[in-house]
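I have placed the structure first, in the form of structure tokens, so that the comments after it can refer back to it.
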Amino acid sequence: MRKGFMAKVAVATTVPLAASGLAYAAGTFHEVKPHSYDPAHTFLVTSGWINGVGCPTNAKTSSGTYTDPACDTGSSTKDDHNQGLILSKVGPTSNNAAAQVDLKDVAGTHVTELGYDIRKHGGAASPTGSHCGGGAPRFNVTYADDPSPVFLGCNAADSETAGDGWTRLRWDLDGSRTVKSIQIVFDEGTDASGGTDQFGLAVLDNIDVDGVLVGHGDNGDAA
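Its first residue numbered 35, the sequence shown is counted upward by one per residue in this note's numbering.
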């Protein structure tokens, strides 16, 4: 997805949400499931949780512990192996393939915040580290009242917190709308489309839905 296709979420309605009975909680969100969309079997995309590449939060070292300042809070459940989420696309953006991630058990919720930590020094606009373009890695948020997803591009977050080697990104959403599904999609390749690099890969961690952080899971494509 190229930068020009990224869209921001509409401003929240002025109807008092407390009176509407809508819940803000992220429900039973607890799993981030990686997989690939590759109908032509190109084997040029992959996604998966990998040990030892995540953002360290009170992580054990040979001489003590270490926390990257961007990740002063980590996964809501124990992550002994410091897993990180690899999303990769080799070759041209035009190839009809994508590394994808499904956020499980979010249907029927009313989400006000999404986010993730990205292995990138110097903030989202930095040319170093993970790819962070207008279209990848992006959130695709589909609401129950509209089949067309809202795109939240990596380089257009509402806030960011820089650390030593990581950046924490957050997006604000319209909490009055009912969520149908949420994905993270990585479909920009090594031809520099939509970003300042030709890396075609991003490392993410601590996927956030309304303050619930998931930072580990099944390996997906990446064994």
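Ideal placement from N, C-alpha and C gives every residue a C-beta, glycine not left out.
The structure displayed is predicted, hence computed values, not measured ones.
>> Between which residues of its own chain and Lys214 is the CB-CB distance below 7 Å, once the five residues before and five after are set aside?
In response: Ala141, Thr176, Tyr177 and Ala178
>> Does Pro103 come out as helix, strand or coil in the three-state DSSP assignment?
In response: helix
>> Can you find the residues in the same chain that come closer than 8 Å, C-beta to C-beta, to Thr224, ignoring five residues on each side of it along the sequence?
In response: Lys123, Val124, Gly125, Pro126, Gln232, Phe233 and Gly234
>> Helix, strand or coil, according to DSSP, for Asn258 in the structure here?
In response: The structure shown does not extend to residue 258, since the chain is modelled only from 35 to 257, so the question has no answer here.
> How many Å lie between Ala93 and Ser70 at the Cα?
Replying inline: 30 Å
> Can you tell which of Ala131, Leu207 and Arg211 has the C-alpha that lies nearest to the C-alpha of Asp242?
Replying inline: Leu207
> Would DSSP call Gln117 helix, strand or coil?
Replying inline: coil
> Distance, Cα to Cα, Asp244 vs Ser96?
Replying inline: 34 Å
> Roughly how many angstroms lie between the CA atoms of Tyr150 and Glu222, to the nearest whole one?
Replying inline: 18 Å
> For Glu65, does the three-state DSSP call read helix, strand or coil?
Replying inline: coil
>> What does the Cβ neighbour count give for Pro181, buried or exposed, with the cut at 16 atoms within 10 Å?
In response: exposed
> According to DSSP, is Ala133 helix, strand or coil?
Replying inline: strand
>> For the beta strand (DSSP E) containing Gln217, name the first residue and the last one.
In response: Val213 to Phe220
> By a C-beta neighbour count over all protein chains shown, 10 Å radius and 16 as the cutoff for buried, is Ala133 buried or exposed?
Replying inline: buried
> What residues match up with Trp205 in a beta bridge as DSSP calls it?
Replying inline: Leu148
> Among the residues of its own chain, which have a CB less than 8 Å from the CB of Ala60, if the five just before and after it don't count?
Replying inline: Caution is warranted here: a pLDDT of 42 is assigned to Ala60, below 50, making its placement in the model unreliable, and no coordinate value can be reported.
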